[in-house]
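Working notes for the structure below.
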Amino acid sequence: MRKIGWADAVLLLLKLRAVLVLVALLILFSVLTPNFLTANNLSILAKHVAISALLAVGMTFVVLAGGIDLSVGSVAGLSGMVAGGLLTVGFYGHASGAAVAVLIALLVSCLVGLLNGVMVTRLGVAPFIATLGTLYIARGAALLLSHGAAFPNLGGSTGQNSGFLRIGQSFLFGIPSPVWMMALIAAITALIARRTPFGRHVYAVGGNERAARLSGIQVERVRIITYVFSSLCAGLVGLVIASQLESAHPATGESFELNAIAAVVLGGTSLMGGRGSIGGSLIGAFVIGVLADGLVMMGVSEFWQIVIKGVVIVLAVTVDQLQLRLQTRLMPALLISRASLGKVKI
Amino acid sequence: MTATPQDSSPQIVLEALGMTKMYGAQIALKDVTFRVRRCAVNVLIGENGAGKSTLMRLLAGAEQASAGEIVMDGHVLHLRSPRDAAAAGIEIVHQELSVLDNLNVAENIFAGRELVHAGILVDQVNEEERSGRALSNIGMPMDVQAMQFPADKLSLGCRQLVELARSLAHQAKILILDEPTSALSSAESSVLFRVIEDLKSRGVAIIYISHRLHELLYLGDYFTVLRDGRVVGEGKRGQVDRTWIVERMSGRSPGAAVATRIRLQPTEPVLEVANLSSHQQGRPAVNGVSFSIGKGEVVGIYGLLGSGRTELMEALAGLRKPETGVVKLCGNRVTLDNVATTIRAGITLAPEDRQKDGLVPDLSIRENISLASLTEFSRHGFLARGDEAARAKESAAQVQISAFDLELPVTTLSGGNQQKVVLARCLMRRPFVLLLDEPTRGVDVRAKADIYAVLRELAEKGLSILFTSSEMEETHLLADRVLVMARGSISAEFAAAALTDEALFAAASPALEAQA
Chain A
1 MRKIGWADAV LLLLKLRAVL VLVALLILFS VLTPNFLTAN NLSILAKHVA
51 ISALLAVGMT FVVLAGGIDL SVGSVAGLSG MVAGGLLTVG FYGHASGAAV
101 AVLIALLVSC LVGLLNGVMV TRLGVAPFIA TLGTLYIARG AALLLSHGAA
151 FPNLGGSTGQ NSGFLRIGQS FLFGIPSPVW MMALIAAITA LIARRTPFGR
201 HVYAVGGNER AARLSGIQVE RVRIITYVFS SLCAGLVGLV IASQLESAHP
251 ATGESFELNA IAAVVLGGTS LMGGRGSIGG SLIGAFVIGV LADGLVMMGV
301 SEFWQIVIKG VVIVLAVTVD QLQLRLQTRL MPALLISRAS LGKVKI
Chain B
347 MTATPQDSSP QIVLEALGMT KMYGAQIALK DVTFRVRRCA VNVLIGENGA
397 GKSTLMRLLA GAEQASAGEI VMDGHVLHLR SPRDAAAAGI EIVHQELSVL
447 DNLNVAENIF AGRELVHAGI LVDQVNEEER SGRALSNIGM PMDVQAMQFP
497 ADKLSLGCRQ LVELARSLAH QAKILILDEP TSALSSAESS VLFRVIEDLK
547 SRGVAIIYIS HRLHELLYLG DYFTVLRDGR VVGEGKRGQV DRTWIVERMS
597 GRSPGAAVAT RIRLQPTEPV LEVANLSSHQ QGRPAVNGVS FSIGKGEVVG
647 IYGLLGSGRT ELMEALAGLR KPETGVVKLC GNRVTLDNVA TTIRAGITLA
697 PEDRQKDGLV PDLSIRENIS LASLTEFSRH GFLARGDEAA RAKESAAQVQ
747 ISAFDLELPV TTLSGGNQQK VVLARCLMRR PFVLLLDEPT RGVDVRAKAD
797 IYAVLRELAE KGLSILFTSS EMEETHLLAD RVLVMARGSI SAEFAAAALT
847 DEALFAAASP ALEAQA
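Here the protein sequences line up with chains A and B, keeping their order. Residue numbers for the first sequence follow the numbering used here, so the first one is 1 and each next one is one higher. Residue numbers for the second sequence follow the numbering used here, so the first one is 347 and each next one is one higher.
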């Protein structure tokens, strides 16, 4: 039998705190509201969470590399509008098919990410400012595409774009497609973060840029890729939402960036860069989603919901600091317990 | 230790008695007694790590002694903060300039002690007037308009003088100058020396720290030598000469050659550098440097701070693009565009400051070691973690890292082991040339010996090593051949057998020839 030292146990509990909070919330809400644990509700919940989780996953790479991306909400809006415009109006009266619309919308999203990355790395603009700029630019562009109006009826009067509607509305084994999308992308990104040289480079760049550069890591390239990936995820979110609503609204995605950052922070990723994980952000997104849904079902006022969300975020970061301090304090005990297990030699 | 006869004479303004300072279990200062005399330049000498800076931090109130007391004019001082020291009239001008680039001259001089109207608004007129007086006192009259410029518009020398003026505007009784000339040109230095003479005549006690021997002998009235945290010599002007100082600093008689390495036979050149120049803020930091290193040869670059040694290393590592110069590796020309290409070519650098440039604190020891070699462990785009762990373990053993577990954060290691981690990372790339900038800065004696042994073994196996050092002993122990840098150029070259401390010092202090 494997013994675990008490110091290990304390740290493990602290590390798993986001999971514990999530489990506690699930139990709490299923006790307090009878309809919470129904398949129907969980399916709705998962669909909500999938959207903020997708954004959070993209955001995590940016934050791990020491940046921030405020433009994701606007990019989601722009992506939906580009696709909507192509499907309904198109170029010079020739409406595009679903595949072309999706590809071009994602391409436009990536271009915004590229712009973010180039501004941050080559022009030396602070990430906060660069992405604040593209937040406005992308939102403005989305509004310009339709002079502020929405593109309705994306399915087409004859149902010729039913493929586009499948993006956000189809099911596989009873699970909605956005949830599959989130699971797949989260799994791939987690693998990239943990198991590829690129993932390690992201951590190194965020942890100590100068040391990363001296190790031959191409810091600028790593940073640019993180911004492009974040925008790609945002573009996908825009398509999912447009597909679900069957119409594209220029205001889609407003303040989504804040939810994404909140999920990343709740998941234990340091805004200073270099520390955190994709899995953490996923759990963070679930905590926020479950909290919001549960509170609605309990009939808590909308205004109190906002206050509670703020309190949870602040608490999470406070506990994060506590864990770091505790980790340093417990390190000697940790070493001794490892040594007694024979895992390391002194 | 030689006690000076006039220990109790009234001209002593400050005595630091029995100062001891421990960092954890490490002793930085042991029972050091240091006397500061009024109207005199009190010189403090010692190699890096001898305890000079620690002693000065205690006097400036930046740190508190573990034991000992500071007596000023017959009263015991309790310096709990730099503010306390300033109140007692002790001012320090740091080696790294602490001028705030974004503020103007007057704002700099009163930074942190602003003059105010009615406790609220800054009294700009008064600040500017007093700044003007302080500046003209040190021979740098500046009109009110020039004082509006932010400090980053001033030359390094001017900024040094502004820093000096800052100390003087607050009526310093004791002025500590830590390596004040390391960034100055010789013209700027001579202005500073005139100011020092003038201050001396006005009753200020000056504590002067420098590695530049000719400066010390020219300026100094009283000399105190530190070695390994202890006072190993005290003397007055007239009793002290170069030999006296060098002997006490290094703990050897200067004539004795200490080369412990057997000189290798000349081998085919691996790294050839021709006419390399690199500029820093418009000044040539490296100026037409040419040399070559053979296979398995260990070449040391000895130079004082500001001699261009770090800039040379950075240029060779691809961190700064040189203006001119050709670098050949094994006969093939290498372009020094960026670090990634130089690493691929086979040159790796272990930087001087491992906290700032070397380690990623959030990553484990293993991840820090393998950071530069990740593509080697890449299988179909994924890291082969078994391979990585095995190679990291191998590299850790090669440089004798003593760690509980390579999965622990790198921050759990001691300074010496952290340095070995940086070394292991460089070696994992299997370079042809290893560049080491101050390979043992802030490393304890045992780890130092380990690192020397590792480097020597690597050289035996054919690795070419170029290292910089500001320690004479290290240069002696490690190098087959020594290049001395001064003001951006190579001023001398010695074979290890022919190397003496005397000659090293003379070559590293370029102004000496100008004076002689």
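Backbone N, C-alpha and C define an ideal beta-carbon position, used for all residues, glycine too.
Between the C-alpha atoms of Glu593/B and His560/B there is a straight-line separation of about 15 Å. Inter-segment contact for the stretch 236-256 of chain A and the stretch 161-169 of chain A is present: three or more beta-carbon pairs are separated by less than 8 Å.
Note that the C-beta distance between Ser79/A and Leu86/A is not below 9 Å. Along the stretch 706-728 of chain B, the positions whose C-beta sits under 7 Å from a C-beta of chain A are Val706, Pro707, Asp708, Leu709, Glu713, Leu717, Ala718, Leu720, Thr721, Ser724, Gly727, Phe728, read in chain order. Interface residue (Cβ-Cβ distance to chain A less than 9 Å): Ile689/B is classified as such. Using a Cβ-Cβ cut-off of 9 Å, Leu675/B does not count as an interface residue toward chain A, since no Cβ of chain A sits closer than that to its own. Contact check for Gly642/B against Ser810/B passes: the beta carbons are separated by less than 9 Å. Interface criterion met: the Cβ of His201/A is under 9 Å from a Cβ in chain B. The three-state secondary structure of Tyr227/A, taken from DSSP, is helix. Residue pairing by DSSP places Asp524/B opposite Ile555/B in a beta bridge. In the three-state scheme derived from DSSP, where H, G and I count as helix and E and B as strand, Glu657/B is classed as helix.
Within chain B, the C-beta atoms nearer than 8 Å to that of Arg195/A come from Phe728, Leu729, Arg731, in chain order. Nearest Cα to Phe173/A within the set Ala39/A, Leu324/A, Leu25/A, Val19/A: Ala39/A. Identification of chain B residues near Gln218/A by a Cβ-Cβ cut-off of 7 Å yields Ala686, ordered along the chain. With a beta-carbon spacing of about 18 Å, Val830/B and Leu562/B fall beyond the 8 Å limit used to define contacts. In the three-state DSSP reduction, Asp8/A falls in the helix class (H, G or I). For Lys667/B, none of the residues of chain A pass the 9 Å Cβ criterion, the least Cβ distance being about 14 Å.
Cβ contact annotation for Thr226/A (same chain, cutoff 8 Å, sequence separation greater than five): Phe61, Val62, Leu64, Ala65, Gly67, Gly117, Val202, in chain order.
Counted as a single uninterrupted DSSP element, the alpha helix (DSSP H) harbouring Ala292/A occupies residues 278-298. For Ile129/A, there is no enclosing beta strand (DSSP E); the residue is found in the alpha helix (DSSP H) stretching over 127-145. DSSP places Val550/B outside both helix and strand once states are collapsed to three, so it counts as coil. If you check the CB distance, Leu461/B and Pro496/B do not come in under 9 Å.
If the five residues before and after Gly199/A are omitted, its C-beta is found closer than 6 Å to the C-beta atoms of Ile192, Ala193, all from its own chain and listed in chain order. Arg122/A has a beta carbon lying at 9 Å or more from every beta carbon in chain B. Taking a contact as a CB-CB distance under 8 Å, the pair Ala211/A and Leu705/B counts as one, their CB atoms being some 6 Å apart.
The distance from the Cβ of Gly671/B to that of Val619/B is about 7 Å, consistent with a contact at the 8 Å cut-off. Thr681/B and Lys667/B have their C-alpha atoms spaced approximately 9 Å apart. Nearest neighbour of Glu361/B by Cα position, chosen from Ala770/B, Lys376/B, Arg573/B, Gly420/B, turns out to be Gly420/B. Contact between Met365/B and Gly407/B does not hold, since their C-beta atoms are separated by about 13 Å, which reaches or exceeds 8 Å. Taking C-beta separations shorter than 6 Å and ignoring five residues to either side along the sequence, the partners of Ala718/B in its chain run Arg771, Arg775, following chain order. Within the model, the alpha-carbon separation for Ala99/A versus Ser247/A is close to 17 Å. Of Val290/A, Ala46/A, Gly140/A, the smallest CA-CA separation from Gly73/A is found for Gly140/A.
Residue pairing by DSSP places Phe91/A opposite His94/A in a beta bridge. Looking from the CA of Gly762/B, the closest CA among Asp751/B, Glu753/B, Gln746/B, Pro777/B belongs to Gln746/B.
Judged by beta-carbon spacing, Pro34/A lies beyond the 9 Å limit of Ala150/A, meaning their Cβ atoms are not closer than that value.
Counted as a single uninterrupted DSSP element, the beta strand (DSSP E) harbouring Ala631/B occupies residues 629-640.
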